[in-house]
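This is how it looks when you write it as structure tokens:
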């Protein structure tokens, strides 16, 4: 009798339904169809930008804010004054500082020698303060740096869709960039 009871408990207890904890959900954003307009700066350059962006201009420093993503691209014009190597060294120092928590850093270049536009673009994978940094120069007298920041704690997995979207926005900005 006890043997049959134990056998019955084993058969009933061997159920294939496993109870697993529910995984954390990450933010899912659906991006609207994008429309662009040409932004003409008073500081001698222009580029296309998303019409949903809000541009705050202080002298030749811009903040391109996307309220939907709660992200800001900081855009800074730097005076070279025959010191392009020093400025580049400062930019490299910022890259190194930003990449401390990155899994890897991917870099790419954009060159349009007819328009004298030389840009280098860095994407950081991981929980870094800024996931994208770039610079645009004419290699003689003009130099602009840019970096992307979100209004949230760095969490690469949940920010990834927004990072990829903004990545494309910044690439369009660089490819449409003109010195006036």
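Numbering (the numbering used here), first residue to last: 3 to 182. Idealized CB from N, CA, C, for every residue including glycine. From a predicted model like this one, the values you see are computed outputs, not experimental measurements.
Test item: CB-CB of residue i and residue j under 7 Å
i           : j           : result
residue 100 : residue 132 : yes
residue 175 : residue 49  : yes
residue 41  : residue 93  : no
residue 66  : residue 80  : no
residue 152 : residue 161 : yes
residue 128 : residue 169 : no
residue 71  : residue 149 : no
residue 143 : residue 82  : yes
residue 179 : residue 86  : no
residue 97  : residue 77  : no
residue 52  : residue 171 : yes
Segment limits, alpha helix (DSSP H) that includes residue i
i           : result
residue 157 : Looking at the DSSP string, residue 157 is not in any alpha helix (DSSP H), and its letter there is neither H nor E.
residue 2   : Coverage of the chain is limited to positions 3 through 182, which leaves residue 2 absent and any answer about it impossible.
Simplified DSSP state of residue i, which is helix, strand or coil
i           : result
residue 142 : coil
residue 64  : strand
residue 174 : helix
residue 167 : helix
residue 12  : helix
residue 35  : coil
residue 82  : coil
residue 116 : coil
residue 162 : helix
residue 71  : coil
residue 133 : coil
residue 6   : helix
residue 103 : helix
residue 152 : strand
residue 179 : coil
Boundaries of the beta strand (DSSP E) in which residue i is found, first to last residue
i          : result
residue 42 : 38-42
residue 50 : 47-52
residue 55 : Element bounds for residue 55: n/a, residue is neither H nor E.
Within-7 Å CB hit, residue i to chain B
i           : result
residue 174 : You won't find chain B in this structure, because it holds only one protein chain.
| message | Three Cβ pairs or more, each shorter than 8 Å: is that satisfied between the segment 41-59 and the segment 103-122? | response | no
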